[in-house]
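For the sequence shown, counting from 1, position 345 maps to 345 in our numbering; every step adds exactly one. Each residue gets a CB set at the ideal place from its N, CA and C atoms; glycine is no exception. Following: one structure in structure tokens, then a few remarks.
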Amino acid sequence: MDYLIFAINPGSTSTKTALFKNEEEVYKESITHPHGEIEKFDSVLDQIPMRRALVLESLRKSGHEPKDLSCVVGRGGLLPPMKTGGYRVNEKMLDLVLGEKISPHASNLGSVLASELAREAGVEAYIYDAESSDEFIDVAKITGMKEIKRRSICHVLNSRAVAIKHAKLNNRQYRDLNLIVAHLGGGITMGAHMKGRLVDTLADDNGAFAPERAGGVPLLDLIDLCYSGRYTKGEMIKKVRGMGGLRDLLGTSDGREIANMVENGDEYAILVMKALAYQIAKGIVLVSTPLKGEIDAILLTGGLAHIEFLVDDVIPYVAHMAPIATYPGEFEMEALALGALRILRKEEGFSEMG
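Here it is, written out as structure tokens:
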């Protein structure tokens with residue numbers, strides 16, 4: 001039986017769509033949202049009508065209508081801790097997103113957009129490998145404050161896809177390897193994959209800064225800034241997510257512009273990018289802790305992995321730990337669609353939020 005699967009992957013500055021017929025990708029599009037357009041909206045949720053219209057238009061560009069689809073699958077977002085794999089979108093999940101009960105991020109819209117399109121199509125909506133998929137070992141959850149526990153937040157979808165791809169390319173099984181995957185994108189996150197389990201991660205709010213994320217900053221200084229009276233809570237959130245990182249430091253998050261700065265000898269841009277490489281390497285070292293030195297490979301992926309001088313600066317810091325492999329870009333659309341396909345074929349089950 002043939003299945004037609006539509007995948008939706010909303011990010012901070014883009015919404016990616018793809019149509020798959022079984023394992024075959026038949027159409028894909030990356031819809032860019034310029035900063036000027038995104039900044040018109042006060043919140044991520046306010047973007048839903050705009051993104052929904054663009055998603056439907058993208059489906060129709062492929063020559064299909066919602067009624068043609070077998071299911072719709074969206075990016076999982078920053079939901080409460082859950083296991084890896086597929087979840088059917090239900091009212092509980094939508095209530096968390098639409099009620100703003102979770103950290104604001106464009107990826108949260110994946111479940112909403114998938115649900116609305118699936119409702120029109122009369123089919124099920126799923127998410128797959130949400131960023132909050134949590135298989136932490138117990139000691140990784142503890143912090144120095146009883147009110148706060150560490151939880152898994154990273155680019156799970158692409159990280160697991162790259163880890164599985166690397167294993168296959170090396171004639172190995174993902175479940176047999178210990179891997180560190182560094183996703184270098186609009187946000188930078190790290191994950192320790194121990195024999196098929198994501199046992200520890202470094203989220204984008206406590207690791208390296210990124211194109212639009214501030215990363216980990218000194219907490220006492222951050223507290224002072226929060227209570228300085230200069231910023232509202234919403235403005236502070238934007239300083240952490242959306243207006244921080246390279247955008248704050250260099251005035252742009254566009255990798256091409258930054259590469260031009262470096263090539264033209266801009267000393268501050270060179271320093272900032274070397275600092276970014278340094279922080280990425282520190283994150284890799286930190287997240288390697290649960291693997292106790294038994295690391296089969298370190299994998300670098302995401303959009304920034306296309307920047308050769310950045311990768312070249314990271315490698316000397318961590319080359320002593322394990323072989324390094326680079327998988328530039330991301331494989332999230334394939335991972336979403338194939339995960340949904342396994343569910344449709346009943347090769348894999350799915351869960352629901354209770």
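Proximity winner among 253, 84 and 102, relative to residue 158 (alpha-carbon distances): Locating residue 158 in the sequence shown gives position 158, counting from the first residue. Residue 84 is the option with its Cα nearest to residue 158.
Per-residue burial, residue 310 [other beta carbons within 10 Å of its own, 16 or more giving buried]: Residue 310 sits at position 310 when you count from the first residue of the sequence shown. Around the Cβ of residue 310, a 10 Å sphere holds 16 or more other Cβ atoms; the residue is buried.
Beta-carbon proximity check, residue 29 vs residue 58, cutoff 8 angstroms: For the purposes of this step, residue 29 is taken as the residue at position 29 of the sequence shown. For the purposes of this step, residue 58 is taken as the residue at position 58 of the sequence shown. Judged by beta-carbon spacing, residue 58 lies within the 8 angstroms limit of residue 29, meaning their Cβ atoms are closer than that value.
Integer-rounded CB distance, given that residue 340 should sit under 8 angstroms from residue 48: For the purposes of this step, residue 48 is identified with residue 48 of the sequence shown, where counting begins at 1. For the purposes of this step, residue 340 is identified with residue 340 of the sequence shown, where counting begins at 1. The Cβ separation is near 21 angstroms, so there is no contact.
Host beta strand (DSSP E) of residue 181 (start-end): In the sequence shown, residue 181 corresponds to position 181, counting from 1. Under the DSSP assignment, residue 181 falls in the beta strand (DSSP E) whose first and last residues are 178 to 184.
Length of the line joining the Cα atoms of residue 97 and residue 322: Walking along the sequence shown from the start, residue 97 turns up at place 97. Walking along the sequence shown from the start, residue 322 turns up at place 322. A straight-line Cα-Cα distance of about 39 angstroms links residue 97 and residue 322.
Three-pair Cβ contact test at 8 angstroms for the stretch 135 to 142 versus the stretch 161 to 176: The stretch 135 to 142 is not in contact with the stretch 161 to 176.
Rounded separation between residue 366 and residue 66 - CA only: What the structure shows of the chain is the stretch from 1 to 354, and residue 366 is not part of that stretch, so it cannot be assessed.
Residue range of the unbroken beta strand (DSSP E) whose run includes residue 299: Numbered from 1 along the sequence shown, position 299 holds the residue referred to as residue 299. Segment 297 to 302, the beta strand (DSSP E) holding residue 299.
N- and C-terminal bounds of the alpha helix (DSSP H) containing residue 50: Residue mapping note: residue 50 aligns to position 50 of the sequence shown, counting from 1. The continuous alpha helix (DSSP H) containing residue 50 extends over residues 48 to 61.
Beta-carbon proximity check, residue 237 vs residue 210, cutoff 8 angstroms: Sequence index remark: in the sequence shown, residue 237 carries index 237 (1-based). Sequence index remark: in the sequence shown, residue 210 carries index 210 (1-based). Going by C-beta atoms, residue 237 is not nearer than 8 angstroms to residue 210.
Distance between residue 315 and residue 201 (C-alpha atoms, nearest Å): Here residue 201 refers to the residue found at position 201 of the sequence shown. Here residue 315 refers to the residue found at position 315 of the sequence shown. Cα-Cα distance, rounded: 20 angstroms.
Sequence-distant residues of its chain with Cβ nearer than 6 angstroms to residue 297 (five each side left out): Position 297 of the sequence shown holds residue 297. Listed in chain order, the non-local C-beta contacts of residue 297 below 6 angstroms within the same chain comprise 179, 322, 323 and 325, local neighbours out to five positions each way being set aside.
Backbone CA spacing between residue 7 and residue 73 [nearest angstrom]: Here residue 7 corresponds to residue number 7 of the sequence shown, with the count starting at 1. Here residue 73 corresponds to residue number 73 of the sequence shown, with the count starting at 1. CA-to-CA, the gap between residue 7 and residue 73 works out to about 5 angstroms.
Strand pairing of residue 21, partner residues [DSSP]: As a working mapping, residue 21 is identified with position 21 in the sequence shown. Beta-bridge annotation (DSSP): residue 21 is paired with 4 and 24.
The stretch 281 to 296 in contact with the stretch 217 to 226 per 3-pair CB rule at 8 angstroms: No contact exists between the stretch 281 to 296 and the stretch 217 to 226.
Buried versus exposed, by CB contacts within 10 Å (16 or more), residue 107: Sequence index remark: in the sequence shown, residue 107 carries index 107 (1-based). Per the 10 Å Cβ criterion, buried.
Continuous beta strand (DSSP E) assignments of at least 3 residues falling wholly in the stretch 89 to 156: Here the runs fully enclosed are 124 to 128.
Cβ neighbours of residue 149 in the same chain (closer than 8 angstroms, five flanking residues each side left out): The sequence position of residue 149 within the sequence shown is 149, counting from 1. Closer than 8 angstroms at Cβ, skipping near neighbours: 141, 142 and 143.
Residues of its chain near residue 115, where Cβ-Cβ distance is below 7 angstroms and the 5 sequence neighbours each way are ignored: On the sequence shown, position 115 is the one that residue 115 refers to. Excluding sequence neighbours, residue 115 sits near 89, 94 and 125.
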